[in-house]
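Heads up, the sequence shown is in numbering that gives the first Met the number 0, so the first residue is 0 and it goes up one at a time.
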Amino acid sequence: MQVFWSSVDAINGVLLSVPVLLALLGIGLLFTIRSGFCQYRSLTHGVALVAGKGIDTSHGEGALTHFQALTAAMSGTVGLGAIAGMAIAVDFGGPGAVFWMWVVGIVGMALKTTEVTLSLLYRDTREPGNPHGGAMYVARDGLGSLAPGLRGFGKWVGGAFCLALLLFAFTGGNMFQTWSVADTTREYFGVPTWITGVILATIAGAVILGGIKRIGNVTKTLVPFKCGVYVLCGLYVIVLHAQQLPEIFRLIFTCAFSTTEGAGAFAGGAMGATFMWGMKRALFSSESGLGTAPIAHAAVKTPEPVTEGVVAGLEPFIDTIFVCTVTALVILCTGIWNRAPAAKWETTPTMREVAPHQWQPELNQLPSRSDASTDWVNGAPLFVMVQADGRRARLYGAVESSASGLQVHWQPLSSQTEPVLVEPGVFADYRGATLVAKSFDSVNEGLGRWLVTIAVWVFGLSCIISYGYYGEQGVIYLFGSQWVMTYRWLWCAAAAGACFGFIKTSGELDAISTIGMGFMYAINLPLMLILGGKAMFAYHDYFRRLRSGAIVRAS
C-alpha cells in the first residue's frame, strides 16, 4: 500500500503543483477583469434571481428553479470539504492557509460564473425536462462551434473529462465523504466504520434513484438547514473567543507570507506549504473551475444562460468565504490545531530502526491520557512529533489491545537519520471533521459530539447525492443511459467500501480526495481560456439588454 500512496502523492504533486495553482488564480483574475468584477453582480442580481425577483425564467427549458439548482450544486460544494477539508488545511498548513482560501473564494466566483455560463450556452436540451450539461458538452459543442473539424476532437476531450470526473466523484465526492462521516461517528459513538458506510450508501442510493428532480427537492431543504445550524453554532464559539480574534487574524495574514513555526500538534510549515494547503483544500471545497457544479446548474429552467452563471457565483462566496471561514476560526480560536499531547510519558522512548531507514518509537506501554475522563480505545489513531531529516513531522500509529495491555501499531517513518522525539508525549489524531468536533467540545462538552456528528452526516449525505448525479452524467455521456443503473450500484458499493480500513491517516484522506482534481483542471481550464470569450460576450450582452429594458425584470 505504501507504493500506492506514494504514487498518488507523486501524481498530485504534478497536477496540483504551484504553477498549476498560480495559473488557476491568473485565469480567475482574468475573468474578474473581463466581466467588470462579476462578483458584485452575483451578490446583487444573483441574490435577486434566487429569490425569484430578477427576471421571469419560467418559460425556459429545464427542470429546476434557480434556487433548486443552486442548492443542488451547493450540496456538493458545501459538503464535508467545508468541515473536514478546512480542518485538514489548518491542521497541515496552519493559520496562513485561511488567507489563501479567501483568495480562492474571491477569484473562484469569477471562475464559477464563467464555467456555468458556458455550460448553459452548450447544454443538451433534447429532453427539455431533463437537460444535460457540463464541461464535456462544452468541449464537444463549444470546440465544434469554432471549426466543424474540431467537433470530433472535442468529443474525445469531453470523454477524457468524464473519465477524470468519475475518478474524482468516486474518490473526493464519495469515499472522502463516507470515510469522514464514519470516522467521526466511530470516535464519538464507537460505531464500526463499515456500518456507517452501509447506512450512508443505502440512504444515498434511495435518493439518487429518483433522478435530478428528487435530488433538487431533497437538497433545497438539506442545504439551508445544514448551513444555518452549523454556522450559528460556529458563530457562538467564535463570539465566546472574541478577544482572541485580533491575534488570530494577525496570524492568518502573517503566516500566509512567512514560515509558521511548529508547536504542539502542529508540525509547522514554510510559506509554500501554507499556500498549497490553503489553495488545494479551498479548491476541493468550492470546486471553482473544476467543471462539476455546471452539471447541476445545467438543469435549471431559464431562457437566459447568463442568469445561472451569475447565480453560480454565489457558491464560492457562501462555501469558502463564509462556511469555511467559520470552520477555520473555530479551530484556531479553541487552540485545538496546536494542542498539547493527550498523554505524556515519564521517560522519553528511544527510536528503533525496524527496516533500513524506517523508524518507530520503542514504546512498550501506552501512557494513560492526561484527561482522566477519557481513555485510549482499541483502534484509536494517534501520532508522535519528531524531528527527522531536518524537518518536524508526525509519526502515526493506532492503538492495539493485547494480553499485556494497550500497545501501538506504528506506521514507520522514512528518514535517513535517526528521528528525535520533540514533544513530551503522544497526541490523539483528530482527523478531518473530528478535529472540528473536538474544537466545539472544548467550549461545551458534547456540543461537537452531537452538532458535528449530525452536521457531517447531513453534509456528507448531500454531497454523496450530488456527486452521484455528477458521475451519472459522465456515464451517460460516455456509455449511454443503459449503464446508469449499473453505475448507481457501483456508487453505493464504493460508499460502503471506503469504510473498511482502506484509508488510515489524514494525509491519505487528503491524497485520495484530490487525485481526480488535477486531471479535471488540466481539461477544464484550457476550455475556459479558449471559449471564455463567448461566455463574456453573452454576459455583457445580457446586462446590456437588462439595462435597456429589453429583458423585463420580475415584479
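For glycine and all other residues, C-beta sits at the position ideal for the given N, C-alpha and C.
Check your understanding: Is it right to say MET174 is buried, meaning 16 or more other beta carbons lie within 10 angstroms of its own, or is it exposed?
Key -> Taking the sequence shown and counting its residues from 1, one reaches residue 174 at position 175. Buried.
I think ILE54 touches ALA553, with their Cβ atoms under 8 Å apart; what is that distance to the nearest whole Å? To locate residue 54, count along the sequence shown from 1; it is residue 55. To locate residue 553, count along the sequence shown from 1; it is residue 554. Contact holds; Cβ gap of about 5 Å.
- Do you know offhand how far GLY84's Cα is from ASN11's? As a first step, residue 84 must be located in the sequence shown, where it is residue number 85. As a first step, residue 11 must be located in the sequence shown, where it is residue number 12. C-alpha separation (whole angstroms): 16 Å.
- Query: Within the chosen definition, does the stretch 342–356 reach the stretch 102–115 through at least 3 CB pairs nearer than 8 Å?
  - Reply: Short answer: they don't touch.
Distance, SER179 Cα to GLN67 Cα = Taking the sequence shown and counting its residues from 1, the one referred to as residue 67 is at position 68. Taking the sequence shown and counting its residues from 1, the one referred to as residue 179 is at position 180. In a straight line, the C-alpha of GLN67 is about 26 Å away from that of SER179.
- Query: For the stretch 455–469 against the stretch 290–302, are there 3 or more C-beta pairs whose distance is under 8 Å?
  - Reply: With the cut-off at 8 Å, the stretch 455–469 and the stretch 290–302 touch.
Only counting the same chain, and skipping five residues up and downstream in sequence, which positions put a Cβ closer than 6 Å to that of PHE169?
For the purposes of this step, residue 169 is identified with residue 170 of the sequence shown, where counting begins at 1. Contacts found: ALA493.
task: Label TRP488 either buried or exposed according to how many other C-beta atoms from any shown protein chain fall within 10 Å of its C-beta, with 16 as the threshold for buried.
output: Indexing the sequence shown from 1 puts residue 488 at position 489. So TRP488 ends up on the exposed side.
Classify PHE152 as helix, strand or coil using the three-state DSSP reduction. Residue numbering aside, residue 152 sits at position 153 when the sequence shown is read from its first letter. DSSP places PHE152 in helix when its eight states are reduced to three.
- Query: How should PHE36 be labelled, buried or exposed, when 16 other C-beta atoms within 10 angstroms of its C-beta is the threshold for buried?
  - Reply: Reading the sequence shown from its first residue, position 37 is the one you call residue 36. That one is exposed.
- Item | CB of ASN363 within 8 Å of CB of SER400, strictly | Within the sequence shown, residue 363 is the residue found at index 364, counting from 1. Within the sequence shown, residue 400 is the residue found at index 401, counting from 1. No, the Cβ-Cβ distance between ASN363 and SER400 is not below 8 Å.
Out of VAL419, GLN386, LEU381, point me to the one whose CA is closest to GLN406's CA.
Numbered from its first residue, the sequence shown carries residue 406 at position 407. Measuring from the Cα of GLN406, the nearest candidate turns out to be LEU381.
Return helix, strand or coil for GLU314, following the three-state DSSP convention.
Within the sequence shown, the letter at position 315 stands for residue 314. In this structure, GLU314 counts as helix in the three-state DSSP scheme.
Practice problem: Have a look at the DSSP bridge pairing and note the partners of THR259. | Solution: Your numbering for residue 259 matches position 260 in the sequence shown. Residue pairing of THR259 in beta bridges, as defined by DSSP: GLY268.
Point to revise | Closest by C-alpha distance to MET519, when choosing among ALA146, GLY158, GLN243 | key: Numbered from its first residue, the sequence shown carries residue 519 at position 520. Relative to the Cα of MET519, the nearest Cα in the group ALA146, GLY158, GLN243 belongs to GLY158.
If the criterion is Cβ atoms closer than 8 Å, does the pair ASP388 and SER369 meet it?
For the purposes of this step, residue 388 is taken as residue 389 along the sequence shown, with counting starting at 1. For the purposes of this step, residue 369 is taken as residue 370 along the sequence shown, with counting starting at 1. The answer is no: Cβ separation not under 8 Å.
- Message: Comparing C-alpha positions only, which one of LEU524, GLY532, PHE91 sits nearest to LEU21?
- Response: For the purposes of this step, residue 21 is taken as residue 22 along the sequence shown, with counting starting at 1. Per the Cα distances, LEU524.
inquiry  = Considering Cα atoms alone, identify which of ALA392, ILE207, THR177, VAL137 is closest to GLY290.
reply    = Your numbering for residue 290 matches position 291 in the sequence shown. Residue VAL137 is the option with its Cα nearest to GLY290.
> What number of angstroms, rounded off, separates the C-alpha of VAL206 from the C-alpha of ALA200?
Replying inline: In the sequence shown, counting from the first residue as 1, residue 206 sits at position 207. In the sequence shown, counting from the first residue as 1, residue 200 sits at position 201. C-alpha separation (whole angstroms): 10 Å.
THR177 and THR452: beta carbons closer than 8 Å?
As a position in the sequence shown, residue 177 is number 178, starting the count at 1. As a position in the sequence shown, residue 452 is number 453, starting the count at 1. The answer is no: Cβ separation not under 8 Å.
Spatial distance of CYS254 from ALA81 (CA atoms): Stepping through the sequence shown from its first residue, residue 254 is reached at position 255. Stepping through the sequence shown from its first residue, residue 81 is reached at position 82. CYS254 and ALA81: Cα-Cα distance of roughly 21 Å.
**Prompt:** What do you reckon, are the CB atoms on THR416 and GLY171 nearer than 8 Å?
**Reply:** The sequence position of residue 416 within the sequence shown is 417, counting from 1. The sequence position of residue 171 within the sequence shown is 172, counting from 1. Taking 8 Å as the Cβ cut-off, THR416 and GLY171 do not qualify as a contacting pair.
Query raised in the report: Nearest to HIS131 by CA position, among THR485, VAL474, GLY515, GLY548, is which residue?
Result: Locating residue 131 in the sequence shown gives position 132, where the first residue counts as 1. Minimum Cα distance to HIS131 is reached at VAL474.
**OP:** List the DSSP bridge partners of PHE426.
**Re:** The residue you call residue 426 lines up with position 427 of the sequence shown. According to DSSP, PHE426 bridges with PHE382.
Checklist line | Environment of LEU239 [buried if 16+ CB atoms lie within 10 Å] | finding: The count along the sequence shown starts at 1 and reaches residue 239 at position 240. Residue burial annotation: LEU239 is exposed, with fewer than 16 other C-beta atoms found within 10 angstroms of its C-beta.
TODO: Just mark PRO223 as buried or exposed, buried being the case when its beta carbon has 16 or more other beta carbons within 10 Å.
DONE: Stepping through the sequence shown from its first residue, residue 223 is reached at position 224. Around the C-beta of PRO223, fewer than 16 other C-beta atoms lie within 10 Å, and the residue is accordingly described as exposed.
- Message: I need the straight-line Cα distance from VAL329 to GLU422, nearest angstrom please.
- Response: Along the sequence shown, one-based indexing puts residue 329 at 330. Along the sequence shown, one-based indexing puts residue 422 at 423. So the alpha carbons of these two residues sit roughly 24 Å apart.
Can you tell me which of GLN242, ILE320, VAL309, GLY431 puts its alpha carbon nearest to the alpha carbon of ILE335?
-> On the sequence shown, position 336 is the one that residue 335 refers to. It is GLY431 whose Cα lies nearest to the Cα of ILE335.
Closer than 8 Å to chain D by CB, SER401: Considering every chain present, this structure includes no chain D. It has just one protein chain.
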